[in-house]
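Read through the structure below, which is laid out as structure tokens, and then see the notes.
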Amino acid sequence: MTDASWSETTTPPREAQFGDYVELLKPRVMRLVIFTAAVGLIAAPVAVHPVIAVATILCIAVGAGASGALNMWWDADIDAVMGRTAKRPIPSGRVTADEALAIGLALSVLSVMFLFLFGNAVAAGLLAFTIFFYAVIYSMWLKRATPQNIVIGGAAGAFPPMIGWAVATGGVGIESVLMFALIFLWTPPHFWALALFRNDDYTNAAVPMLPVVAGTRVTRNQILLYTLILVPAALAPAFTQVGGPLYFAVAAVLNAQFLWGAWRIWRRDDAAAAADRFAVEKKFFGFSILYLFLHFVLLLAEAVLRGVGLTLETWPVVL
Numbered sequence: 001m002t003d004a005s006w007s008e009t010t011t012p013p014r015e016a017q018f019g020d021y022v023e024l025l026k027p028r029v030m031r032l033v034i035f036t037a038a039v040g041l042i043a044a045p046v047a048v049h050p051v052i053a054v055a056t057i058l059c060i061a062v063g064a065g066a067s068g069a070l071n072m073w074w075d076a077d078i079d080a081v082m083g084r085t086a087k088r089p090i091p092s093g094r095v096t097a098d099e100a101l102a103i104g105l106a107l108s109v110l111s112v113m114f115l116f117l118f119g120n121a122v123a124a125g126l127l128a129f130t131i132f133f134y135a136v137i138y139s140m141w142l143k144r145a146t147p148q149n150i151v152i153g154g155a156a157g158a159f160p161p162m163i164g165w166a167v168a169t170g171g172v173g174i175e176s177v178l179m180f181a182l183i184f185l186w187t188p189p190h191f192w193a194l195a196l197f198r199n200d201d202y203t204n205a206a207v208p209m210l211p212v213v214a215g216t217r218v219t220r221n222q223i224l225l226y227t228l229i230l231v232p233a234a235l236a237p238a239f240t241q242v243g244g245p246l247y248f249a250v251a252a253v254l255n256a257q258f259l260w261g262a263w264r265i266w267r268r269d270d271a272a273a274a275a276d277r278f279a280v281e282k283k284f285f286g287f288s289i290l291y292l293f294l295h296f297v298l299l300l301a302e303a304v305l306r307g308v309g310l311t312l313e314t315w316p317v318v319l
């Protein structure tokens with residue numbers, strides 16, 4: 001970060017409101033973290049008391065918010081020159097950089113400590129590593145150092161279901177690793193689609209996203225390549241204890257659509273993209289959010305079906 005106090009000199013400060021501090025925690029990202037962590041916990045083969053489950057999910061949410069605050073503190077200088085982020089609390093002058101750092105550090109310690117108390121050491125350790133990975137490895141190092149920032153940094157967003165699973169089981173299983181892999185492999189095509197139509201923002205901020213460093217043709221190739229790797233990884237949970245026929249049937253359709261979208265992006269050139277204002281890339285980016293959400297909805301549905309002793313194989317008997 002260039003200067004932690006720069007924001008006070010660029011925008012007249014005002015007294016921060018409660019909503020400004022909430023925004024500092026990246027609530028939109030937090031929602032996804034909460035949901036995937038909850039699915040990891042519910043899908044686990046070990047039942048958790050509802051009070052403990054709620055408490056641990058709250059700890060994970062607070063940890064995600066801490067990561068967001070630390071990320072905004074460090075990235076305040078580049079956020080200020082990107083249209084997508086210029087109105088965030090620090091560059092807009094609503095929250096000072098020092099406040100963001102203090103909040104991020106305090107929430108980091110509290111979330112890990114209470115997850116250890118309510119959950120277990122494995123879950124707390126995974127949460128601590130996730131916060132460190134996102135704030136230090138990704139934000140402070142990878143993001144500005146390599147076009148592979150999203151590929152490696154995507155691990156930070158992929159840990160929550162593993163943490164939820166660890167709360168229930170006290171360890172890591174192949175099922176939680178597959179949930180991790182689903183998010184990890186989804187992240188590059190998701191963010192590179194965004195980078196294609198937000199290329200100017202990343203160029204102005206000197207962030208070495210793949211389109212900025214390697215060009216749009218390479219980016220389109222990589223989106224298709226990672227999608228081809230993602231598809232089998234996304235279908236794999238169907239063949240474990242957390243999946244089943246329902247998951248496989250719907251996931252197959254989702255992955256066919258995702259692959260079709262990646263292929264459409266791959267076959268385009270800059271002239272075609274500019275002509276329709278990146279409509280295909282924007283549509284793919286929007287669908288990618290729904291794609292990931294529905295995969296975890298399916299895992300949740302399978303867990304509910306197992307909980308009531310009902311699977312697709314038993315439906316004919318029940319009926």
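In terms of UniProt numbering, the sequence shown opens at residue 1 and continues consecutively.
For every residue, glycine included, the Cβ atom is placed at its ideal position computed from N, Cα and C.
Note that the coordinates shown come from a computational prediction; the quantities given were computed from them, not determined experimentally.
| Asked | Found |
| --- | --- |
| Using 10 angstroms around the beta-carbon of residue 204, count the other beta-carbons present and answer buried if the total reaches 16, otherwise exposed. | exposed |
| When DSSP labels each residue in this structure, what does residue 301 get in the three-state scheme? | helix |
| By a C-beta neighbour count over all protein chains shown, 10 Å radius and 16 as the cutoff for buried, is residue 289 buried or exposed? | exposed |
| So what does DSSP say about residue 19, is it helix, strand or coil? | helix |
| Return the CA-CA distance between residue 57 and residue 157, expressed in angstroms with no decimal places. | 15 Å |
| For a quick check, are the C-beta atoms of residue 278 and residue 196 less than 8 Å apart? | yes |
| Can you give me the C-alpha to C-alpha distance between residue 112 and residue 105, rounded to a whole angstrom? | 11 Å |
| Quick check on the burial criterion: 16 or more other C-beta atoms within 10 angstroms. Buried or exposed for residue 73? | buried |
| Identify every run of the alpha helix (DSSP H) within the region 189-217, keeping only runs that are complete inside it and at least 4 residues long; order them along the chain. | 199-204 and 210-214 |
| Answer yes or no: do residue 124 and residue 46 have a C-beta to C-beta separation smaller than 8 Å? | no |
| So, under 8 Å CB-CB, residue 233 and residue 178 are touching, yes? Tell me the CB distance rounded to an integer number of Å. | 7 Å |
| Any idea if residue 211 is buried or exposed, counting beta-carbon neighbours within 10 angstroms, 16 or more meaning buried? | buried |
| At a cut of 8 Å, does the region 79-89 reach the region 147-155 through at least three beta carbon pairs? | no |
| Could you check what DSSP says for residue 282 in three-state terms: helix, strand or coil? | helix |
| For a quick check, are the C-beta atoms of residue 93 and residue 24 less than 8 Å apart? | no |
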